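Read left to right, the sequence shown gives residues 1 to 178 (the UniProt record's numbering). Just so it is clear, CB atoms sit at the ideal spot from N, CA and C, and this is done for glycine as well. On a predicted model such as this, the values are computed, not experimentally measured, just so you know. This report concerns only the one structure given below.
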Amino acid sequence: MSWAQDEWKNNLPHVAVQKINAMEKNIEQLQKDQQQKKFKIESLEASNEHQRKKTDQEKAEAANLKKEIHGLEEQIRSISVSHDKVLHELSTKDNRISCLDGQLSKMKSSLDKENNSVAKLKMELERAVASQNKNLELLEQKDQDIAKLSKRLKLSSSDDVFNAAPANKNNSSSEQSQ
1 MSWAQDEWKN NLPHVAVQKI NAMEKNIEQL QKDQQQKKFK IESLEASNEH
51 QRKKTDQEKA EAANLKKEIH GLEEQIRSIS VSHDKVLHEL STKDNRISCL
101 DGQLSKMKSS LDKENNSVAK LKMELERAVA SQNKNLELLE QKDQDIAKLS
151 KRLKLSSSDD VFNAAPANKN NSSSEQSQ
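Encoded structure:
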């Protein structure tokens, strides 16, 4: 077919044929360049599309990361608020513990005073019991002494009664005679 296409050039001068051949070669070269550029454009478009998809994915990922960061910031704020509350509660409880420690110290001091007072009262009670026991012993001894004296007195009084009886008889007979 190429031969049939070249047939029209037969009657043309040699210089014209050379120029036509040069132009045809130039056209072929331009067509090859066009094909290469078209391929390159298609490759670049495909690469561009790939990059655009990649960019879109990265944008979506960046948006997701921003959402995640925002969520984490909210969690941090929430944790910070909770942390502040816990610190406040801890401070309040520390103050309460200090107050209770002070009350405990006062109670211990008061308990020590009461224990000392109880110890003193026990000692006084022991002294009083000892004194009472001593007094009871003295009282028993006195009772025994009184009983002895009473016996003596009864004995001596009965002796006196026997001795005084004849005198009483005399007194009673003289009283009768009067």
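A direct Cα-Cα distance of roughly 9 Å separates LYS32 from LYS38.
In the structure shown, ASN11 adopts coil according to DSSP, grouped into three states. The UniProt domain "Centromere protein Cenp-F N-terminal" (1–133) contains, as complete alpha helix (DSSP H) runs of 4+ residues, the segments 2–6 (chain order).
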